[in-house]
Each structure stands twice: as structure tokens, then as C-alpha cells.
Amino acid sequence: MINFFVFRGVLSFILIVLNTLLCFVPVIILALCKWLLPFTKVRALLNVILDRIATFWIGVNNINQRCFGKSAIDVTGVNAFEKNEWYMITANHQSWVDILVLQRLFNRRIPFIKFFLKRQLIWVPFIGLAWWALEFPFMKRYSPALLKKRPELKGKDIEVTKKACEKFQHFPVSIMNFLEGTRFTVEKHRQQSSHYQHLLTPKAGGLSFALNAMNGKLHQLIDVTIVYPEGIPSFFDYLCGKISKIKVHIRVMPINDSLLGDYQNDAEYRAYFQQWVNELWKEKDRQFDVMMKGEGSTI
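Residue numbering for the sequence shown follows UniProt numbering, beginning at 1 and increasing consecutively.
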């Protein structure tokens with residue numbers, strides 16, 4: 001006899017696939033139109049339409065999750081946002097479920113979220129091509145060992161960040177950046193000798209480059225702390241409805257001029273920005289601890 005949870009998860013996954021295929025066709029057609037008609041106003045209009053299709057796709061998936069996943073998301077903190085504002089979003093990263101949670105929380109409440117993605121993810125069937133069509137920034141990171149062998153690659157990842165963010169200056173957008181750069185595991189935490197109890201070490205450089213590449217368009221940072229009290233779930237566990245509760249705390253802070261500068265060449269600014277990010281992460285680590293303990297008040 002098929003387990004009820006597994007049946008629910010399989011059905012939910014099938015519906016996500018069907019929804020993806022339904023939206024994939026118009027997304028690719030419009031992406032080809034953008035490629036064939038490289039005019040600024042035409043591309044801007046097509047980008048708006050593409051984002052609306054993606055918003056519809058997320059909306060259908062959110063209904064799917066509420067019907068089959070049945071995970072209750074307990075949200076504390078800031079709850080009011082603007083649809084015509086440019087936002088930078090940061091969050092701790094533990095699972096693919098993080099992305100689904102963020103989409104459930106923010107879809108249609110803020111401008112469409114663009115994620116920084118590892119370049120390898122472009123090969124994910126259908127979704128990878130859709131991400132490319134929607135102009136998600138794909139990052140190619142170089143290891144210290146490779147940079148030592150090929151010093152000419154130094155700074156190439158920064159150039160990619162700047163080019164990606166330049167496209168987002170013409171219409172409101174939300175840019176998502178997982179500062180840890182990878183999903184949390186106990187092993188990664190140990191290898192990094194992280195100073196944080198619940199988090200990996202944040203990487204300040206990518207955030208600084210993104211803020212500066214937007215040339216002052218970003219005025220607010222949405223900082224999201226995600227906690228899974230029952231343990232970090234897999235994507236399929238979430239679809240099956242095995243995760244009964246997820247806790248989220250949201251805070252919004254201003255992005256002022258002191259956070260802008262030349263991260264690569266200005267040592268004083270770089271030290272200041274790294275310290276600012278470290279303080280952001282210390283606060284997040286304390287917030288995570290409060291949420292794990294189930295205390296009523298939040299920081």
C-alpha cells in the first residue's frame with residue numbers, strides 16, 4: 001500500500017511539473033523575441049510580461065503547497081512592503097525549501113525576486129532555461145587554487161555581478177542573495193569553524209558588489225531568518241506535508257550611503273562592510289536561537 005504522505009508528495013510534484021511546462025512555452029517564446037528584437041523599450045516590456053508569467057507560476061505553486069504541503073508558516077516581524085520599491089533580500093540557507101518559503105511569503109507583495117544562482121543550475125531541465133530567460137544572474141565562482149594557477153580570472157565573478165545587476169535598474173525588482181553561498185550542514189559548519197551557532201560564515205563581497213552595481217536604486221534590505229523546528233527538510237518532505245511548522249522572522253533596514261564603496265580597492269570600506277555583515281549575522285544567529293527555543297518574544 002502506498003504511503004499517504006508519499007502519494008501526496010508525488011501528486012504535488014506532478015502538478016508542479018505540469019505548471020512548469022504550461023508556463024515554460026510562453027517564457028521561451030518571449031525570451032526568443034527579446035533576443036531577436038534587442039530594443040531597449042521592447043526588452044523592458046517583455047521583461048515585465050515575463051515576470052508576470054513567473055509570478056503566476058509561483059502563485060499556482062503556492063496554492064499547490066497550501067493544499068498538499070500543509071506547512072504552517074509562523075511569521076513575525078515586519079509585514080508591510082511596497083510593490084514599486086527596489087529591495088535587497090538576505091536569508092540564511094538550509095534547504096531548497098527556503099526558496100519555496102520565500103516565494104510563498106513575498107509573491108505579489110514585493111517586485112519579482114531574482115536569485116543569484118550557481119552557474120551549474122542553468123542545466124536543470126526546463127527550470128534552468130526559464131531562469132536564463134528571466135535574467136536570473138548566474139554566478140561562476142573560482143576556487144582559491146584555480147585563481148592561483150590562473151590569476152587572470154581574478155575579478156571575473158565581480159564583472160558578472162555588475163552586468164547582471166545593471167539590467168535591474170530600469171524597473172522595480174527584488175534581488176535575493178544567500179550570503180552563506182551554500183546550504184548549511186553540520187559538516188560545512190565544522191569545516192569553516194564558523195563563529196555562529198546556527199549559521200555558516202557570510203560572504204560580504206557579493207552583497208557589496210550587488211549594492212554598488214545598482215547605483216543607489218536599492219534603499220531597503222529585507223533580512224529573513226528561516227527556522228525549521230522539526231529539522232531541516234528535504235524538498236520532497238516539504239511536498240509530502242511532513243513539515244508541520246516553519247518559523248520566519250523578517251526585519252527591514254535602510255541601505256544608506258555608508259554601505260556603498262569600492263570593496264575591491266578600498267581597504268577601510270571593505271573592513272567596515274565586513275563588520276556590518278558580521279553584525280547582521282550575529283543578530284540573525286541570536287534570532288535563530290530565540291525561534292528554536294520557541295520563546296514568545298522576538299529580537
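For every residue, glycine included, the Cβ atom is placed at its ideal position computed from N, Cα and C.
This structure is a prediction, so every number in the text was calculated from the model and none was measured.
Asked                                                                                                 : Found
Opposing strand residues paired with ASP74 [DSSP bridges]                                             : LYS247
CA nearest to the CA of GLN169, picked from ALA210, VAL97, MET253, ILE127                             : ALA210
For VAL252, the residue or residues it bridges with in DSSP                                           : ILE222
Residue range of the beta strand (DSSP E) that includes LYS114                                        : 113 to 115
CB-CB length for ILE53 against GLN103, believed under 8 Å                                             : With 8 Å as the limit, ILE53 and GLN103 do not qualify as a contact, their Cβ atoms being about 14 Å apart.
Residue environment, THR182, which counts as buried when at least 16 other CB atoms sit within 10 Å   : exposed
For ASP51 and SER95, the rounded distance between their alpha carbons                                 : 24 Å
Limits of the unbroken alpha helix (DSSP H) element including SER174                                  : Segment 174 to 177 is the beta strand (DSSP E) holding SER174; no alpha helix (DSSP H) there.
Start-to-end residues for the alpha helix (DSSP H) that takes in ILE89                                : Where ILE89 is concerned, there is no enclosing alpha helix (DSSP H), although the beta strand (DSSP E) it sits in stretches over 87 to 91.
Per DSSP, cross-strand counterpart(s) of residue 309                                                  : A query on residue 309 cannot be resolved here, the shown segment of the chain reaching from 1 to 299 and no further.
VAL227 - DSSP class collapsed to helix/strand/coil                                                    : strand
Where GLY181 falls: helix, strand or coil (DSSP)                                                      : coil
Pairwise C-alpha distance: LEU32 and PRO26                                                            : 10 Å
ILE222 to LEU207 span [Cα, whole Å]                                                                   : 13 Å
Residues near TRP281 by beta carbon distance below 7 Å, same chain, minus five either side            : TYR196, LEU199, PRO202
Top-ranked residue by Cα proximity to PHE171, from MET214, PHE235, PHE288, LYS149                     : MET214
Burial state of THR298, where buried means 16 or more other Cβ atoms lie within 10 Å                  : Low local confidence applies: a pLDDT of 38 at THR298 is under 50, so the model's placement there is unreliable, with the coordinate-based value given in what follows. By the 10 Å Cβ count, THR298 comes out exposed.
Nearest candidate by alpha-carbon position, reference ALA204, set HIS219, LYS148, TYR269              : TYR269
Helix, strand or coil at THR201 according to DSSP, with G and I counted as helix                      : coil
Cβ neighbours of ASP74 in the same chain (closer than 8 Å, five flanking residues each side left out) : LYS245, ILE246, LYS247, VAL248
Residue from PRO137, PHE56, THR225 whose Cα sits closest to the Cα of GLN120                          : PRO137
Cα-Cα separation between LYS148 and SER194, rounded to whole angstroms                                : 25 Å
Span of the alpha helix (DSSP H) around GLY216                                                        : No alpha helix (DSSP H) holds GLY216; DSSP gives it neither H nor E.
ASP257, DSSP secondary structure in three states                                                      : helix
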